[in-house]
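Residue numbers for the sequence shown follow our numbering, beginning at 206 and rising by one. Backbone N, C-alpha and C define an ideal beta-carbon position, used for all residues, glycine too. Note that this is a predicted model, so its numbers are computed, not measured.
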Amino acid sequence: MEKNSFFKTKEGGLTLAFIVIMIAFAIMLFGLYTGTTAACAVGFVIMIAAMFYSPVKVFILTPKHK
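Here it is in C-alpha coordinates:
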(Lines of atoms letter the chains of each structure in order from A; the text may use other names.)
(Lines give C-alpha, C1' and ligand atoms only; values in the text may rest on other atoms or scores of the structure.)
Protein backbone atom coordinates (compact mmCIF):
# COMPACT_ATOMS: atom_id res chain seq x y z
CA MET A 206 0.00 0.00 0.00
CA GLU A 207 1.32 3.39 -0.96
CA LYS A 208 1.61 5.92 1.84
CA ASN A 209 0.16 9.30 0.89
CA SER A 210 0.35 12.62 2.64
CA PHE A 211 -2.77 13.27 4.72
CA PHE A 212 -3.74 16.32 2.69
CA LYS A 213 -3.58 14.34 -0.57
CA THR A 214 -6.34 11.99 0.60
CA LYS A 215 -10.05 12.76 0.34
CA GLU A 216 -10.30 13.21 4.10
CA GLY A 217 -7.38 15.61 4.12
CA GLY A 218 -8.93 17.64 1.33
CA LEU A 219 -12.18 17.91 3.25
CA THR A 220 -10.28 18.95 6.38
CA LEU A 221 -8.45 21.63 4.43
CA ALA A 222 -11.72 22.84 2.92
CA PHE A 223 -13.28 23.03 6.40
CA ILE A 224 -10.36 25.11 7.69
CA VAL A 225 -10.62 27.47 4.70
CA ILE A 226 -14.39 27.80 5.26
CA MET A 227 -13.79 28.76 8.90
CA ILE A 228 -11.21 31.38 7.84
CA ALA A 229 -13.64 32.75 5.23
CA PHE A 230 -16.35 32.94 7.89
CA ALA A 231 -14.00 34.96 10.11
CA ILE A 232 -13.24 37.30 7.19
CA MET A 233 -16.97 37.77 6.61
CA LEU A 234 -17.56 38.53 10.29
CA PHE A 235 -14.70 41.04 10.22
CA GLY A 236 -16.29 42.66 7.17
CA LEU A 237 -19.63 42.91 8.95
CA TYR A 238 -17.97 44.32 12.06
CA THR A 239 -16.10 47.02 10.15
CA GLY A 240 -18.91 47.71 7.70
CA THR A 241 -16.92 46.92 4.56
CA THR A 242 -18.77 44.99 1.90
CA ALA A 243 -15.53 44.11 0.10
CA ALA A 244 -14.35 41.92 2.98
CA CYS A 245 -17.75 40.22 3.10
CA ALA A 246 -17.61 39.57 -0.63
CA VAL A 247 -14.07 38.19 -0.44
CA GLY A 248 -15.03 35.90 2.42
CA PHE A 249 -18.09 34.72 0.51
CA VAL A 250 -16.07 33.95 -2.63
CA ILE A 251 -13.46 32.06 -0.60
CA MET A 252 -16.21 30.07 1.12
CA ILE A 253 -17.88 29.12 -2.17
CA ALA A 254 -14.53 28.08 -3.66
CA ALA A 255 -13.77 25.90 -0.63
CA MET A 256 -17.22 24.30 -0.78
CA PHE A 257 -16.76 23.39 -4.45
CA TYR A 258 -13.17 22.14 -4.01
CA SER A 259 -13.99 18.56 -3.04
CA PRO A 260 -16.77 17.85 -5.58
CA VAL A 261 -14.73 19.33 -8.42
CA LYS A 262 -11.66 17.33 -7.43
CA VAL A 263 -13.54 14.05 -7.01
CA PHE A 264 -15.96 14.18 -9.94
CA ILE A 265 -14.22 16.35 -12.56
CA LEU A 266 -10.45 16.35 -12.06
CA THR A 267 -9.88 12.76 -10.93
CA PRO A 268 -12.93 10.64 -11.76
CA LYS A 269 -12.72 6.92 -11.10
CA HIS A 270 -14.03 4.86 -13.99
CA LYS A 271 -15.62 1.50 -13.23
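Distance from Met233 to Phe223 at the Cβ level is roughly 16 angstroms; contact not present, criterion being Cβ atoms closer than 8 angstroms. With the rule of 3 Cβ pairs closer than 8 angstroms, the segment 255 to 269 does not count as touching the segment 230 to 245. Separation of Phe212 and Ile251 (C-alpha to C-alpha, rounded to the nearest whole angstrom) is 19 angstroms. Leaving aside the five residues that flank Ser259 on each side, the residues in its chain whose CB is nearer than 7 angstroms to its CB run, in chain order, Gly218, Leu219, Ala222.
In the DSSP annotation of this structure, the continuous segment of the alpha helix (DSSP H) that includes Leu219 starts and ends at 215 to 239.
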